[in-house]
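All residue numbers for the sequence shown refer to this note's numbering, where the first residue is 13 and numbers rise by one. Beta carbons: idealized from backbone N, C-alpha and C, even for Gly.
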Amino acid sequence: MFARLRSPLAALTAALCTASLLAPLPALAAAKAETFPRAVLWKIEKPGTKKPSYLFGTAHVSDPKVTQLSPQVQKAFDDADTVTTEVRIDFNGMMDFAKRVLMPEGELLANQIDADHYKKLLPELAARDYPEVAAKRMKPWAAAMLLMVPKKKAGDLPLDLMLAKMAIEGSKEYTGLETISEQASVFEAIPADKQKTLLYALIDQQPDVDAYYKKLIAMYVQRDIEGIVRFADKDEVTLPAADQAFFNTWKQKTLIDDRNDRMAERMQPQLAKGGSFIAVGALHLPGKTGLVAQLRKQGYTLTPIDDRKRK
């Protein structure tokens, strides 16, 4: 199945998740007031549960520095009976999502944006496994999502897809906390004019976006979640003030807080039975509305596991 998803559906899957890691989130500054451990792997325990579960904060990229699992993460994964990612990645769901990113027959992206930006956009999408034949009917929000995904070597799977593949090949129970439709609706809710503004900024400022990614990946490898939060306060692209204010609110409430609440609720059955490995974007972990704080309020003991490589 995953061979069929690698190109171009794998790129869409990564893009769907990536914004939650890369979004500029000023409201997350509240997390900076609290010390957050250098950890993306958390052991979850509660009296009465026979087997612990694990929460793993991911980066939705295919960089080998990210996708090479540490021994601690690998063991937590191997010991799990159930593996859960943000969405259950299967062929039918991805085909449905692929339809949602396309404009109706007869409508073209080239007619939605100016010719200069369209010309610049095509090679950027091609570098992400989306040639013009696949991109010409793409909605502006979907094109913007893809520009938030780093260019990658052909065949490389982003971390979340890799974990899903490992779970299926290992005959583990595999589930998702959200549906493809729920995640897509987050982006579909962006007004059309703001979709275009964001897309133009991402096209014009791709070198800045590439540099932004490299710094974020370096901090993720060091498990510096506080650093990622601080860095996420800096915009990966520059937008007009009114548009930036909209995206700041949208990203904090719709992209992070609302989804944190939904995911914390939906993981309860898995946590109750124990033996689960739950992988979500790293920025869903910290802060007062983050999953670590929410699960602790629900009576779980969460213990950070330091899996950084030692020189």
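- In this structure the segment 112–121 does not lie against the segment 284–302, because fewer than three pairs of beta carbons, one per stretch, are closer than 8 Å.
- Cβ-Cβ distances below 7 Å link residue 77 to 229 and 233 in the same chain, with the five nearest sequence neighbours on each side left out; the list follows chain order.
- The bridge partners DSSP lists for residue 55 are 66 and 315.
- A distance of 8 Å or more separates the beta carbons of residue 92 and residue 317.
- Residue state for residue 301 is assigned as coil, using DSSP reduced to three classes.
- Residue ranges of uninterrupted alpha helix (DSSP H) with 4 or more members, entirely inside the segment 220–268 and ordered along the chain, are 237–244 and 253–261.
- For residue 288, the pairing in a beta bridge is given by DSSP as 94.
- Sixteen is the threshold: since fewer than 16 other Cβ atoms of the shown chains lie within 10 Å of the Cβ of residue 143, the residue is exposed.
- Sorting 59, 301, 61 and 67 by C-alpha distance to the C-alpha of residue 315 places 67 at the top.
- The C-beta distance from residue 214 to residue 161 rounds to 11 Å, too long to fall under 8 Å, and the pair is not in contact.
- Residue state for residue 105 is assigned as helix, using DSSP reduced to three classes.
- Taking the CA atoms as reference points, residue 210 sits about 13 Å from residue 133.
- For residue 277, the uninterrupted alpha helix (DSSP H) segment begins and ends at 270–278.
- Taking all protein chains in view, the Cβ of residue 145 is surrounded by fewer than 16 other Cβ atoms within 10 Å, so the residue is classified as exposed.
- With a beta-carbon spacing of about 34 Å, residue 202 and residue 65 fall beyond the 8 Å limit used to define contacts.
- Under the criterion of beta carbons closer than 8 Å, residue 177 and residue 169 qualify as touching, at roughly 7 Å.
- For residue 183, the closest alpha carbon among the candidates 171, 190 and 175 is that of 175.
- Collapsing the DSSP output to three states places residue 186 in a strand.
- Within the segment 131–212, the complete alpha helix (DSSP H) runs of at least 4 residues fall at 144–147, 152–159, 171–181 and 192–200.
- One alpha carbon belongs to residue 221, the other to residue 62, and they sit about 45 Å apart.
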